[in-house]
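Written out below as structure tokens is the structure these notes cover.
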DNA sequence: CATATCCGGATAAATTATATCCGATTAAGG
DNA sequence: CCTTAATCGGATATAATTTATCCGGATATG
């Protein structure tokens with residue numbers, strides 16, 4: 114059970130995009146360089162974020178990506194759902210309907226107890242991620258980081274704005 | 114982010130193995146037939162359960178698998194860990210150390226705030242699964258199932274014991 | 001000794017994750 | 001109007017993982 118790399122990449126990237134001024138954007142190439150990840154593949158992940166309404170894209174010269182919502186309104190769950198999709202990790206294939214003692218379809222109105230248990234566990238997982246906003250992550254990071262490092266990042270962002 | 118089919122299969126199978134009398138076992142072929150899953154592959158999953166100490170195997174004629182512990186002492190987390198392995202779903206590749214503003218190794222003693230947030234969410238997931246024992250699952254199932262269906266299963270198990 | 005069963009390794013097929021490329025589109029600026 | 005820079009979307013390729021099969025070896029039964 115593994116999350117794709119895109120989740121890690123785009124979460125970090127959102128914390129950088131949060132530093133971009135209104136009406137400006139950062140290009141995929143710039144972001145890929147910042148984290149040393151493959152630009153072409155990152156582009157795909159950013160498109161997923163855009164379709165989920167987490168970031169906005171601006172085409173053409175001087176364009177790029179920026180956050181579509183305030184950092185308070187973006188949670189880790191939003192990002193995971195955008196990149197990984199809405200499917201649950203546990204896939205119930207209804208094997209209780211198989212074999213010599215298989216149940217009939219009509220006797221399966223209630224969800225399988227095993228599937229329910231996993232669904233419940235995944236719900237607690239999602240709840241925890243939903244409680245973590247980009248704002249809260251950045252606040253934690255700001256507390257732990259050195260002022261020099263934060264200034265380095267701010268300067269780099271400024272330098273990328275064409 | 115998907116769990117393997119083996120998790121679903123082996124969890125259901127454990128609920129069946131719980132009905133097997135002391136010193137007896139059910140063969141992989143019988144279990145595979147019961148749920149209509151591929152026997153050869155199921156055999157691999159059962160070996161994972163055995164290495165995790167969840168089931169015992171008995172070789173030779175009349176052998177098979179049975180639970181190694183009481184149903185109160187087997188949790189869904191035990192099964193997931195056995196089949197999927199102990200790796201966390203979120204893989205932190207430390208991309209904060211990459212690129213023009215990358216941190217030095219020595220400045221990375223604290224875990225990355227993003228990785229921490231995901232680790233925390235996964236912990237709630239595991240905690241929930243750890244609270245679900247095989248006993249509790251079977252009790253729920255017994256409440257919801259018809260007496261006829263439970264008897265069908267009990268009879269099938271009896272019929273398999275050589 | 002014949003049979004049934006798990007064990008472990010090798011291998012293959014199917015699916016998913018990762019990654020690249022390119023033509024189309026869009027916008028900025030000379 | 002033209003060039004440049006940038007995303008978009010589709011097609012494609014590669015790598016990794018999951019799913020699945022097979023077989024020789026070990027082991028226990030009767």
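Protein chains in written order, with our numbering: chain W, 114 to 275; chain P, 114 to 275.
Backbone N, C-alpha and C fix where the C-beta goes; we use that ideal spot for every residue, glycine too.
Item: Residues sharing a beta bridge with residue 169(W), DSSP; Value: 179(W)
Item: Residue 188(P) - DSSP class collapsed to helix/strand/coil; Value: strand
Item: Alpha helix (DSSP H) segments (min. 4 residues) lying fully within the segment 221 to 261 of chain P; Value: 226 to 243, 247 to 257
Item: Under 9 Å between C-beta atoms of residue 195(P) and residue 128(P); Value: no
Item: Contact set between residue 223(P) and chain W, taken where Cβ atoms lie within less than 7 Å; Value: 257
Item: Cα-Cα separation, residue 229(W) to residue 143(P); Value: 26 Å
Item: Residue burial classification, residue 252(W) (beta-carbon count within 10 angstroms, cutoff 16); Value: exposed
Item: Straight-line gap, residue 157(W) to residue 139(P) (C-alpha atoms, nearest Å); Value: 48 Å
Item: Three-state secondary structure assigned by DSSP to residue 155(W); Value: helix
Item: Rounded separation between residue 162(W) and residue 173(P) - CA only; Value: 55 Å
Item: Beta-ladder partner(s) of residue 139(W), from DSSP; Value: 178(W)
Item: Per-residue contacts from residue 188(P) into chain W (C-beta, under 7 Å); Value: Within 7 Å Cβ-Cβ: nothing; residue 188(P) doesn't reach chain W, min ~10 Å.
Item: Short-range partners of chain P found in the segment 197 to 214 of chain W, where Cβ spacing is below 8 Å; Value: 197, 200, 202, 203, 204, 205, 206, 208, 209, 211, 212, 213, 214
Item: For residue 150(W), three-class secondary structure by DSSP; Value: coil
Item: Residue 133(W), DSSP secondary structure in three states; Value: coil
Item: Nearest candidate by alpha-carbon position, reference residue 279(P), set 265(W), 166(W), 190(W), 226(W); Value: In this structure chain P extends from 114 to 275, so residue 279(P) is not present and cannot be described.
Item: Within chain P, partners of residue 123(W) - CB distance below 9 Å; Value: The contacting residues do not exist; residue 123(W) stays about 10 Å from chain P at best.
Item: Buried/exposed call for residue 183(W), threshold 16 Cβ in 10 Å; Value: exposed
Item: is_contact[residue 229(W), chain P] using C-beta, thresh 9 Å; Value: yes
Item: Three CB pairs or more closer than 8 Å across the segment 236 to 248 of chain W and the segment 179 to 193 of chain P; Value: no
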